[in-house]
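Residue numbers (this note's numbering), protein chains in the order written: chain X, 1118 to 1357; chain H, 1118 to 1357.
Yeah, the Cβ is synthetic: ideal placement off N, Cα and C, and Gly gets one too.
Laid out in structure tokens, this is it:
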């Protein structure tokens, strides 16, 4: 049995050929030929069973055989907002893992203690797409451009909102307990700070904007681990 | 305020100087001098506040000031047994993360579909030690040498035992549900297969040996993600 090949085609329903990089991969690397089957995902909830109609080195025209919508695998809307790590591969790893586990939206924050204030969206998008394919999801997380912390927390945002921090002197509850009692259809946003944590000022600003201050349990976690643990908590607390 | 420096000294209570690599790091990299404070961890539950007595390029003699046992941060005993990934950095990443999140024992399995049948214990130990220091744990996970799957499952083992697999045709329950009802003092062992999964034969062999077949939820997870998710489930199901 031939392995099924997955391709990301944002406008799969209306388009008739693969985007350039996917076409090149299909034809030049995988050597796909007319009649070969493939699965397209549009990143917004639909798989398409398709077959190759025309294959040339730079083009791969396809014909859709069947449209297969994927039901959302969780309720609510999961949003993680994190200050990217000094070493970018840790943030990239986090993006891969939260996509596998399941997340709707990822925001990057520019904080007072941030050790990294720029990110390359194109590279991060590639990681999301690769993880989406690998974990067979028809939904691609939305990745937002880096935003200033102050701007981010001042934006209106529905659902439950949390800020994780490590200050013993600023009261915190346990995120998992907070999540367990919720209506699972509610949106959840969790903010994770940089390596040096949010500043007390930032925590206060978030609290004033309606974010509930939380901790993530007894273990001292790296930034990228904390983001992933928060996403796991969203799922497990909803019985998913 | 000077940053506290952590060193791993397996026999910290009886020894009087740092092991060679830690001594070199303390004296040559961190330029520690007599009188400087440090914290030693013995990997089996105790921190020692100490101060440098003698510092020479290859030796660092210390004097223990205070013994500070760390209470276990979770109940029971968490054991993850995983087939190492083809790309070793994925397994290394997993070791770092489960150490941060908290695990007692990690075993490496040699399975029918394994893409990697050798591992370098010395390198993996270094990762565990680094993660233990970073997450301020006085307990170091035990890392077992690679073992043949058949041998591993045939060994007597107390507590709850699970094997995660992806076969729709072999009945599975949800690991998190199984864990939620347990007596939290019970030991838990979860087996995670290689990239190509366990073979049906291996799953049957484990089931015959008392392992409960489970899945890890709706998402399709990579091997190393599955191992980490299983460890998260152990903690969250115990309310930790």
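Could you tell me the alpha carbon to alpha carbon distance between residue i and residue j, rounded to whole angstroms?
i	j	result
residue 1196 of chain X	residue 1267 of chain X	17 Å
residue 1223 of chain H	residue 1128 of chain X	44 Å
residue 1324 of chain H	residue 1287 of chain H	10 Å
residue 1149 of chain X	residue 1132 of chain X	19 Å
residue 1159 of chain X	residue 1130 of chain X	8 Å
residue 1172 of chain X	residue 1141 of chain X	10 Å
residue 1193 of chain X	residue 1205 of chain H	35 Å
residue 1308 of chain H	residue 1257 of chain X	30 Å
residue 1211 of chain H	residue 1346 of chain H	10 Å
residue 1314 of chain X	residue 1320 of chain X	10 Å
residue 1221 of chain X	residue 1351 of chain X	12 Å
residue 1137 of chain X	residue 1175 of chain X	7 Å
residue 1161 of chain X	residue 1180 of chain X	19 Å
residue 1144 of chain X	residue 1348 of chain X	37 Å
residue 1154 of chain X	residue 1255 of chain X	17 Å
residue 1300 of chain X	residue 1213 of chain X	27 Å
residue 1236 of chain H	residue 1164 of chain H	30 Å
residue 1270 of chain X	residue 1156 of chain X	39 Å
residue 1318 of chain H	residue 1198 of chain H	18 Å
residue 1274 of chain X	residue 1215 of chain X	21 Å
residue 1135 of chain H	residue 1146 of chain H	14 Å
residue 1189 of chain H	residue 1303 of chain H	14 Å
residue 1306 of chain H	residue 1292 of chain H	11 Å
residue 1187 of chain H	residue 1139 of chain H	22 Å
residue 1356 of chain X	residue 1151 of chain X	44 Å
residue 1234 of chain X	residue 1168 of chain X	43 Å
residue 1272 of chain H	residue 1126 of chain X	49 Å
residue 1202 of chain H	residue 1119 of chain H	40 Å
residue 1285 of chain X	residue 1276 of chain H	36 Å
In chain order, what residues of the same chain have a beta carbon less than 7 Å from the beta carbon of residue i, not counting five sequence neighbours either side?
i	result
residue 1327 of chain X	1278
residue 1311 of chain X	1200, 1228, 1230, 1231, 1232 and 1340
residue 1260 of chain X	1223, 1238, 1241, 1242 and 1245
residue 1343 of chain X	1281, 1309 and 1333
residue 1401 of chain H	Since the displayed chain H opens at 1118 and closes at 1357, residue 1401 of chain H lies outside it and no answer follows.
residue 1178 of chain H	1133, 1134, 1170 and 1171
residue 1322 of chain H	1267 and 1270
Over the uninterrupted alpha helix (DSSP H) stretch that includes residue i, give me the two end residues.
i	result
residue 1293 of chain X	1292 to 1297
residue 1344 of chain X	1340 to 1354
residue 1268 of chain X	1266 to 1271
residue 1321 of chain X	1317 to 1325
Consult DSSP for residue i and reduce its assignment to one of helix, strand or coil.
i	result
residue 1236 of chain H	coil
residue 1330 of chain H	strand
residue 1210 of chain H	helix
residue 1241 of chain X	helix
residue 1216 of chain H	helix
residue 1145 of chain X	helix
residue 1205 of chain X	helix
residue 1198 of chain X	strand
residue 1250 of chain H	helix
residue 1312 of chain X	coil
residue 1156 of chain H	strand
residue 1368 of chain H	Here chain H covers residues 1118 to 1357 and nothing more, so residue 1368 of chain H does not appear.
residue 1150 of chain X	coil
residue 1121 of chain X	coil
residue 1307 of chain H	strand
Could you name the residues of the same chain whose beta carbon sits closer than 8 Å to that of residue i, not counting the 5 residues immediately before and after it, in chain order?
i	result
residue 1316 of chain X	1228, 1229 and 1230
residue 1217 of chain X	1248, 1251 and 1252
residue 1290 of chain H	1329, 1330, 1331 and 1332
residue 1209 of chain H	1240, 1241 and 1244
residue 1262 of chain X	1225 and 1238
Considering residue i, what are the terminal residues of the beta strand (DSSP E) in which it resides?
i	result
residue 1224 of chain X	1222 to 1227
residue 1183 of chain H	1176 to 1186
residue 1135 of chain H	Per DSSP, residue 1135 of chain H belongs to no beta strand (DSSP E) and is neither H nor E.
residue 1287 of chain H	Where residue 1287 of chain H is concerned, there is no enclosing beta strand (DSSP E), given that its DSSP letter is neither H nor E.
residue 1173 of chain X	1163 to 1173
residue 1357 of chain X	That residue, residue 1357 of chain X, is in no beta strand (DSSP E); it is neither H nor E in DSSP.
In chain order, what residues of the same chain lie with their CB nearer than 6 Å to the CB of residue i, ignoring the 5 residues before and after it?
i	result
residue 1297 of chain H	1354
residue 1109 of chain H	It is not possible to answer for residue 1109 of chain H, since the shown part of chain H is limited to 1118 through 1357.
residue 1121 of chain X	1156
residue 1283 of chain H	1314
residue 1123 of chain H	1156 and 1250
So, is the C-beta of residue i closer than 7 Å to a C-beta in chain B?
i	result
residue 1232 of chain H	Checking the listed chains, one finds no chain B in this structure; the protein chains it contains are X and H.
contact_flag[the stretch 1335 to 1345 of chain X, the stretch 1250 to 1257 of chain H] where n(CB pairs < 8 Å) is 3 or more: yes
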